[in-house]
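Numbering (our numbering), first residue to last: 2 to 488.
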């Protein structure tokens with residue numbers, strides 16, 4: 002079956018060119034007249050050194066439009082996020098309107114195959130989720146999707162990345178939490194790559210830091226952003242403004258806050274090390290105004306993330322964008338329609354690195370093994386939609402239609418055999434049997450089939466992706482690594 006990835010989106014435009022200019026101009030006014038709070042002293046000095054007006058008491062920096070434009074333009078318009086295979090089949094060329102899908106993070110709970118309840122996530126779940134991602138063709142990258150409750154913060158970074166890197170050949174992105182963790186993850190990745198230079202040439206890891214909405218670069222995340230940039234590791238500094246809470250209630254107002262936050266992160270990375278591979282980042286959503294909780298399956302999330310894909314293209318920046326989550330507690334119809342509609346919207350808008358798109362339930366608090374299987378199917382269908390309809394002499398098939406004539410058929414035609422696999426999406430999970438055959442096969446619904454598929458993948462023998470000698474070196478030289486993830 003043909004795996005579709007890196008296809009061009011951009012067919013869906015939720016905002017007009019005029020709207021984009023208005024959001025951009027309003028964002029420049031926010032930078033110049035309101036400013037961004039920068040809590041990390043070294044970052045504050047960088048902004049001041051490069052032309053921002055700094056109020057040292059409030060730590061607010063006001064940035065003139067020319068400075069915003071200058072530093073955004075130093076970021077690459079396309080970046081390469083690599084897999085581990087030398088044949089490059091797993092590489093993702095992020096930028097323009099190319100579309101890729103993957104998991105996201107960071108859930109505190111896990112739903113086991115076949116279960117409708119949840120439990121606290123553990124390091125072993127990183128191992129097993131990575132194995133599942135490796136086996137599911139339509140999930141293009143593994144963004145570390147759970148936070149292990151059985152680890153201290155100082156050991157989280159190396160163990161999350163290490164567990165994933167040893168179980169999947171696909172690109173691994175993850176949030177980071179400590180300076181020592183960032184340094185040790187980079188060191189571990191250099192061991193695996195063979196040298197620092199080889200890792201920079203083909204980066205198979207990338208990192209996520211954050212801007213705190215509204216308009217704040219906090220001390221910890223600013224420091225982590227700068228450390229990743231100094232090491233030339235691909236980094237995204239996303240923000241998560243929520244309508245009615247940390248952003249205006251209106252979607253347009255949210256987009257302004259989101260745009261300023263994201264561009265501030267891009268600028269900080271570029272001022273630290275110009276040319277650092279940096280993604281514009283969006284995690285915008287809305288709140289439930291009854292109790293102010295975060296909502297992940299709202300159609301408005303799809304609208305704002307689709308619009309942000311357009312904003313990123315306006316700035317010629319690759320984008321890390323959000324879709325595919327659900328607020329449902331189980332893998333039911335709600336989980337399916339919420340995930341499908343936002344994935345489709347953001348992909349058709351040309352979102353590049355669409356994360357959170359596989360496996361998330363319950364306001365992004367629970368990672369579900371079964372939902373990863375279901376979402377793999379949704380993503381396959383979405384990518385078929387992104388692929389669109391190709392119109393040329395071969396696909397129009399005039400000569401074939403003429404040959405068949407009125408009342409003819411096309412079943413035995415070579416043209417049919419030639420296009421049957423590439424033209425149609427072949428479901429891996431959906432049921433297309435007639436009722437009698439479906440009943441003979443156990444009359445299983447989508448949830449039951451997903452649980453069975455997840456269990457079947459996890460029952461396979463566990464295989465290491467990292468060579469044995471490198472695993473031993475990691476265990477000996479990287480502090481805090483749990484032995485079982487390197488077995």
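By construction, the Cβ of each residue, glycine as well, lies at the ideal position given by its N, Cα and C atoms.
Assuming residue i is part of the beta strand (DSSP E), what are its boundary residues?
i: residue 368; result: 367-369
i: residue 135; result: Here residue 135 belongs to no beta strand (DSSP E); instead the alpha helix (DSSP H) covers 124-136.
i: residue 287; result: 286-289
i: residue 139; result: Element bounds for residue 139: n/a, residue is neither H nor E.
i: residue 1; result: Past the boundaries of the shown model lies residue 1; the chain is included only from 2 to 488, so the question cannot be answered.
i: residue 37; result: 37-39
Taking residue i as the reference, give the member of the options with the closest Cα.
i: residue 77; options: 192, 160, 268; result: 268
i: residue 326; options: 306, 310, 176; result: 306
i: residue 432; options: 422, 444, 421; result: 444
i: residue 176; options: 145, 201, 67; result: 145
i: residue 253; options: 192, 272, 23; result: 23
i: residue 260; options: 27, 84, 130, 478; result: 27
i: residue 73; options: 251, 318, 299; result: 318
i: residue 535; options: 355, 332, 405; result: Missing from the structure shown is residue 535; the chain here goes from 2 to 488 and no further.
i: residue 419; options: 396, 244, 201, 258; result: 396
i: residue 133; options: 324, 374, 406, 412; result: 374
i: residue 256; options: 297, 309, 233; result: 309
i: residue 101; options: 113, 61, 82, 147; result: 82
i: residue 85; options: 473, 48, 6, 172; result: 172
i: residue 114; options: 204, 128, 371, 210; result: 371
i: residue 157; options: 335, 119, 481, 112; result: 481
i: residue 296; options: 245, 230, 279; result: 245
i: residue 200; options: 247, 211, 220, 233; result: 233
i: residue 95; options: 278, 407, 412; result: 278
i: residue 231; options: 104, 180, 211, 49; result: 180
i: residue 368; options: 80, 62, 105, 61; result: 105
i: residue 251; options: 477, 285, 64, 414; result: 285
i: residue 454; options: 430, 488, 289, 167; result: 430
i: residue 59; options: 219, 440, 6, 274; result: 219
i: residue 475; options: 386, 388, 167; result: 167
i: residue 187; options: 170, 208, 384; result: 208
i: residue 266; options: 273, 316, 212; result: 212
How would you label residue i, buried or exposed, when you count the other beta carbons within 10 angstroms and need 16 or more for buried?
i: residue 263; result: buried
i: residue 99; result: buried
i: residue 425; result: exposed
i: residue 463; result: exposed
i: residue 228; result: buried
i: residue 185; result: buried
i: residue 88; result: exposed
i: residue 311; result: buried
i: residue 435; result: exposed
i: residue 399; result: exposed
i: residue 393; result: exposed
i: residue 217; result: buried
i: residue 357; result: buried
i: residue 460; result: exposed
i: residue 92; result: buried
Should residue i be flagged as near chain B, meaning a C-beta pair shorter than 8 angstroms?
i: residue 132; result: Included in the structure is just one protein chain, with no chain B present.
What first and last residue would you give for the alpha helix (DSSP H) that runs through residue i?
i: residue 260; result: 252-273
i: residue 234; result: First-last for residue 234: undefined, no H or E at that position.
i: residue 152; result: Taken as a continuous stretch (DSSP letters only), residue 152 belongs to no alpha helix (DSSP H), as it is neither H nor E.
i: residue 51; result: Looking at the DSSP string, residue 51 is not in any alpha helix (DSSP H), and its letter there is neither H nor E.
i: residue 482; result: Here residue 482 belongs to no alpha helix (DSSP H), and DSSP marks it neither H nor E.
i: residue 303; result: 300-315
i: residue 69; result: 66-73
i: residue 400; result: 399-405
Quickly, what does DSSP pair residue i with across the bridge? List them, please.
i: residue 174; result: 144, 207
i: residue 56; result: 61
i: residue 356; result: 323
i: residue 79; result: 96
i: residue 331; result: Beta-bridge pairing links residue 331 to no other residue.
i: residue 361; result: 368
i: residue 213; result: 217
i: residue 14; result: According to DSSP, which records beta bridges pairwise, residue 14 is partnered with nothing at all.
i: residue 280; result: 237
i: residue 428; result: Residue 428 is not bridged to any residue.
i: residue 103; result: 142
i: residue 294; result: 289
i: residue 120; result: 111
i: residue 9; result: 99
Checklist entry - Is the stretch 224-234 touching the stretch 39-53 in the sense that three or more CB pairs, one from each, lie closer than 8 angstroms? => result In short, these stretches touch, since the Cβ pair count reaches three.
Checklist entry - Is the stretch 465-473 in contact with the stretch 160-172, if contact means three or more CB pairs nearer than 8 angstroms? => result With the cut-off at 8 angstroms, the stretch 465-473 and the stretch 160-172 touch.
Next on the checklist: I'd like to know if the stretch 65-73 and the stretch 25-34 are in contact, where contact means that at least 3 CB-CB pairs between them fall below 8 angstroms.
Outcome noted: The stretch 65-73 is in contact with the stretch 25-34.
Next on the checklist: If contact is defined by three or more beta carbon pairs under 8 angstroms, each pair taking one atom from either stretch, is the stretch 121-139 in contact with the stretch 375-387?
Outcome noted: Contact between the stretch 375-387 and the stretch 121-139 is present, with at least three C-beta pairs closer than 8 angstroms.
Next on the checklist: For the pair the stretch 236-248 and the stretch 191-198, tell me if three or more CB-CB distances fall below 8 angstroms.
Outcome noted: The stretch 236-248 is not in contact with the stretch 191-198.
Item to check | At least three beta-carbon pairs within less than 8 angstroms, the stretch 358-366 to the stretch 326-343 | outcome: A contact exists between the stretch 358-366 and the stretch 326-343.
Checklist entry - Are the stretch 3-11 and the stretch 339-352 touching by the rule of at least three beta carbon pairs closer than 8 angstroms? => result Of all C-beta pairs linking the stretch 3-11 to the stretch 339-352, three or more are shorter than 8 angstroms, placing the two stretches in contact.
Next on the checklist: Any contact between the stretch 118-131 and the stretch 148-156? By contact I mean 3 or more CB pairs, one from each, below 8 angstroms.
Outcome noted: Remark: three or more beta-carbon pairs, one from each stretch, lie closer than 8 angstroms, so the stretch 118-131 and the stretch 148-156 are flagged as touching.
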